[in-house]
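> Chains as they are written, first to last, in the numbering used here: chain A, 1 to 297; chain B, 298 to 544; chain C, 545 to 873.
Using N, Cα and C, we set each Cβ at its ideal position, and we do this for glycine too.
All values derive from a computational prediction rather than experimental measurement.
I have a structure I would like to understand better, so I am pasting it below and will then ask my questions one at a time.
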């Protein structure tokens with residue numbers, strides 16, 4: 001085998017695969033963030049904590065013996081009413097003020113702080129590592145990949161495709177997009193805008209929770225898990241275009257690959273400044289991101 | 298011969314395929330009231346946006362006192378002597394009437410005053426007092442804009458535009474949504490303005506237009522259909538069909 | 545006639561005077577009981593009040609939410625520490641910080657002021673994050689450990705000399721600095737320039753038609769805020785003897801925003817009271833539980849929902865009415 005092929009097999013390809021796994025993970029979290037922004041015009045600063053909440057709920061339920069596969073279904077279902085209540089009970093209270101952007105951002109920021117500290121209070125500050133649901137690994141073309149990561153890539157892709165299908169191809173999605181484009185027009189056409197808003201927030205939060213369950217076996221569960229992850233998710237949403245689903249997928253894959261390559265050739269510690277630097281430059285030259293907003297164009 | 302205070306030459310802009318303003322040329326005489334009329338969607342407000350620098354024309358020119366100001370941003374149009382009001386009231390809602398006027402009038406103060414306390418110079422304050430009196434808002438000076446009636450807000454909108462002592466004042470439907478009595482009072486007020494400022498007006502109330510204007514420009518589908526004295530315009534056949542309907 | 549905005553600013557002065565009086569009492573009590581811990585804590589509260597003050601100039605006056613003000617606070621802290629380790633002079637540290645933070649604010653201002661609204665919040669956040677990570681990775685700046693061993697300095701004020709190690713002396717010096725920064729900001733906000741900032745927040749779209757570029761005042765406000773944040777940060781290593789990259793992290797920026805919103809935005813004095821309140825809460829709750837963030841977070845959310853003007857913003861109108869009654873007609 002040539003040296004280049006060996007280099008690819010043992011150095012580059014594993015690194016790119018790690019990037020791909022992270023990419024799918026980030027996209028799952030960023031999807032909810034971008035849907036909430038695209039529809040409600042709300043920057044959900046507590047999104048990372050909802051991701052953590054999903055992981056903690058799964059952790060708690062698994063101690064009473066519920067299997068991982070059931071939790072994958074159950075946790076998002078638990079998150080739905082939580083998100084719905086947060087939207088109706090908290091966000092709607094400041095939603096109609098003139099300063100919607102700032103006040104909803106501040107409110108969700110406060111909520112995130114409270115949730116993070118609550119996790120610490122209930123579960124303690126130390127990381128918990130759930131057992132990997134699928135042990136072992138697979139080898140393809142001489143590249144080794146743990147089975148669970150392969151599973152994550154497949155399931156993650158399926159979820160992303162399903163979300164895109166719901167938003168772009170179903171009647172429900174059409175209502176959501178109509179409400180995003182013109183709230184009053186949608187309301188006059190009989191779209192229950194209030195429920196669409198709360199529902200979209202709940203949906204975004206449930207997605208974050210699902211990501212929490214899926215990623216816990218890889219990245220562990222700890223109170224600040226959302227904080228570290230959400231920065232990357234925000235970057236992906238901004239670069240992709242706030243409110244764009246396509247944008248999240250493209251930017252998510254692109255940025256995590258950049259991160260993986262930078263880690264390899266420069267140093268892992270410089271991957272963060274470079275990725276955030278891309279975000280700043282993107283905001284400067286093209287604040288609307290690579291792709292347009294949900295419901296627009 | 299002195300240049301006209303405001304002139305447009307072949308002013309044009311497209312929105313997508315729509316020719317919102319199409320080769321509009323006219324001149325505005327000093328210290329006259331010139332009114333632009335036309336049905337909804339004729340391009341009147343777009344024309345104002347082009348002249349005031351809110352939009353950049355695709356073709357044509359805007360000249361203020363003979364100086365080509367085409368494509369300048371609004372703050373440079375203001376420096377050239379042009380000010381405008383808005384069809385939808387566009388004020389500083391959380392501030393009082395006096396503070397709104399003071400903000401608009403502070404451009405009259407020398408630049409060296411920018412870093413001195415607001416009380417250091419009386420120039421802006423004198424202008425505020427004068428406008429409060431002239432627009433009948435003196436007893437409302439300390440009210441927040443949101444506390445004013447619609448008619449008062451519309452009057453303040455004009456006063457704010459006038460505060461910087463412009464040479465040309467563009468008024469976009471100043472009587473929009475006003476009661477009959479308020480409309481008449483405002484018309485009287487505008488008439489008195491013409492003594493020291495050139496007024497270009499958009500107005501829907503035809504009775505008002507005819508009694509107020511020295512000169513009328515009729516727009517239709519982005520183009521200038523006709524212009525002349527109110528009587529000329531009223532007699533114009535094309536205007537009658539396009540605008541007044543069939544009389 | 546005094547206009548309403550000038551009178552509001554005077555009401556803020558009254559509240560600052562009250563705060564200063566209370567601080568002097570605290571200093572006297574501290575000296576009497578030979579206390580170090582609480583005086584140092586109060587000094588830190590004042591330093592972070594300076595950071596919050598800079599957030600308020602942007603959020604409360606210009607209408608721009610900065611989620612990255614820790615960038616300039618950290619810049620001031622690091623630069624001050626570096627200067628003090630070479631030349632143990634208060635004035636050298638302050639002078640260098642003033643210059644550097646103005647310059648950094650100008651450069652940063654050109655970057656962040658290209659966008660507005662929610663994008664402004666995100667770009668300030670991103671820029672601070674880049675800077676924080678760079679500092680975190682730079683060995684010359686102590687990387688994740690920060691810089692330790694900043695010497696105790698004697699601050700020559702002409703008449704007296706104050707040691708940065710003296711709890712009461714340094715507390716009073718920081719109090720004076722923060723009051724000066726407040727007075728400087730309050731002065732500028734009561735000029736035509738300041739009125740323009742208030743107008744920017746109220747209705748940015750109308751400003752160009754009044755004859756002003758919006759970029760100039762926005763940039764000027766940003767530079768002013770950067771300088772205030774930088775100068776506040778410069779005091780930090782004098783108090784603690786070290787600086788760490790945490791000073792530049794989002795937690796620091798976020799805390800400053802919480803401080804301003806809880807204390808009251810758009811009144812300057814809210815930043816000072818907010819910082820005092822939050823420090824007090826943290827130390828009181830902290831003596832019972834480590835989970836003070838739950839309480840502060842709930843309080844903050846309550847302020848966002850029920851008290852959009854914040855604590856002091858809800859109190860100030862009463863003082864304004866009092867002042868109005870005392871004015872000559």
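1) From the beta carbon of residue 279/A, is the nearest beta carbon of chain C less than 8 Å away?
2) Should the segment 752–769 of chain C be regarded as contacting the segment 638–658 of chain C, the criterion being three or more beta carbon pairs within less than 8 Å?
3) Between residue 784/C and residue 795/C, what straight-line distance do the alpha-carbon atoms span, to the nearest angstrom?
4) Using the C-alpha atoms, what's the distance from residue 663/C back to residue 287/A?
5) Which of helix, strand or coil does DSSP assign to residue 96/A?
6) The alpha helix (DSSP H) spanning residue 721/C covers which residue range?
7) Along chain C, which residues have their Cβ under 7 Å away from the Cβ of residue 372/B?
8) Applying the criterion that 16 or more other CB atoms from any shown protein chain within 10 Å of the CB defines a buried residue, is residue 129/A buried or exposed?
9) Between which two residues does the alpha helix (DSSP H) carrying residue 397/B extend?
10) Specify, as a first and last residue, the run of the beta strand (DSSP E) that residue 146/A falls within.
11) Counting only C-beta atoms, is residue 548/C closer than 8 Å to chain B at any point?
12) Name the DSSP bridge partner or partners of residue 309/B?
13) Quick one: which chain C residues come within Cβ less than 9 Å of residue 217/A?
14) Here's the rule: buried if 16 or more other CB atoms are within 10 angstroms of the residue's CB, otherwise exposed. What is residue 454/B?
15) Which residue comes first and which comes last in the beta strand (DSSP E) that contains residue 700/C?
16) Express the C-alpha separation of residue 35/A and residue 299/A in angstroms, rounding to a whole number.
17) Check whether the segment 76–85 of chain A touches the segment 695–708 of chain C, taking contact to mean three or more Cβ pairs, one atom from each stretch, closer than 8 Å.
18) Ignore the nearest five residues each way along the sequence and tell me which others in residue 823/C's own chain have a CB closer than 8 Å to its CB.
19) On the DSSP bridge assignment, give the partners of residue 469/B in chain order.
20) So which residues on chain C does residue 284/A lean against when the C-beta distance must stay under 8 Å?
21) Is residue 297/A buried or exposed, if buried means 16 or more other CB atoms sit within 10 Å of its CB?
22) Give the DSSP-derived three-state secondary structure of residue 324/B in the structure shown.
23) Under 8 Å between C-beta atoms, does residue 301/A make it to chain C?
24) Using the Cα positions of residue 242/A and residue 741/C, report the straight-line distance between them to the nearest angstrom.
25) Please report whether the beta-carbon of residue 844/C lies at a distance below 8 Å from any beta-carbon of chain A.
26) Can you name the residues that DSSP bridges to residue 550/B?
27) Does DSSP put residue 856/C in a helix, in a strand, or in coil?
28) Distance cutoff 8 Å, beta carbons only. Does residue 570/C sit that close to anything in chain A?
29) In the structure shown, what three-state DSSP assignment does residue 871/C receive?
30) Using beta-carbon positions only, say whether residue 774/C and residue 644/C come within less than 8 Å of one another.
31) My output table needs one value for residue 331/B: the three-state DSSP class, helix, strand or coil.
32) What does the alpha-carbon distance come out to for the pair residue 78/A and residue 69/A?
33) Put residue 654/C into one of helix, strand or coil per three-state DSSP.
34) Is residue 826/C close to chain A, meaning its C-beta is less than 8 Å from at least one C-beta of that chain?
35) Considering only the beta carbon of each residue, do residue 457/B and residue 397/B sit closer than 8 Å?
36) Please report whether the beta-carbon of residue 811/C lies at a distance below 8 Å from any beta-carbon of chain A.
Based on what the coordinates show:
1) yes
2) Proximity of the segment 752–769 of chain C to the segment 638–658 of chain C meets the contact definition, three or more beta-carbon pairs being nearer than 8 Å.
3) 18 Å
4) 7 Å
5) DSSP places residue 96/A in coil when its eight states are reduced to three.
6) 711–733
7) 752, 755, 756, 757
8) exposed
9) 394–402
10) 143–146 is the extent of the beta strand (DSSP E) around residue 146/A.
11) Residue 548/C counts as touching chain B.
12) Secondary-structure assignment with DSSP links residue 309/B through a beta bridge to 356/B.
13) In chain order: nothing, as chain C lies at least about 28 Å away.
14) buried
15) 698–700
16) Limits of chain A in this structure are 1 at one end and 297 at the other, which puts residue 299/A out of reach.
17) Counting C-beta pairs with one atom in each stretch, the segment 76–85 of chain A and the segment 695–708 of chain C have fewer than three that are closer than 8 Å, which means they do not touch.
18) 585, 586, 588, 589, 592
19) Beta-bridge pairing links residue 469/B to 499/B.
20) 655, 658, 659, 667
21) Only weak support exists for where residue 297/A lies, its pLDDT of 39 falling under 50; the value from the coordinates is given anyway. So residue 297/A ends up on the exposed side.
22) strand
23) Because chain A in this structure spans residues 1 to 297, residue 301/A falls outside the shown range and cannot be described.
24) 28 Å
25) yes
26) In this structure chain B extends from 298 to 544, so residue 550/B is not present and cannot be described.
27) helix
28) For residue 570/C, not one C-beta of chain A is nearer than 8 Å to its own C-beta.
29) coil
30) Yes, the pair counts as a contact, with Cβ atoms nearer than the cut-off.
31) Secondary structure of residue 331/B (DSSP, three-state): strand.
32) 15 Å
33) Residue 654/C sits in a helix when the DSSP states are folded into three classes.
34) no
35) It is a contact, given that the beta carbons lie within the stated cut-off.
36) Closer than 8 Å: no.
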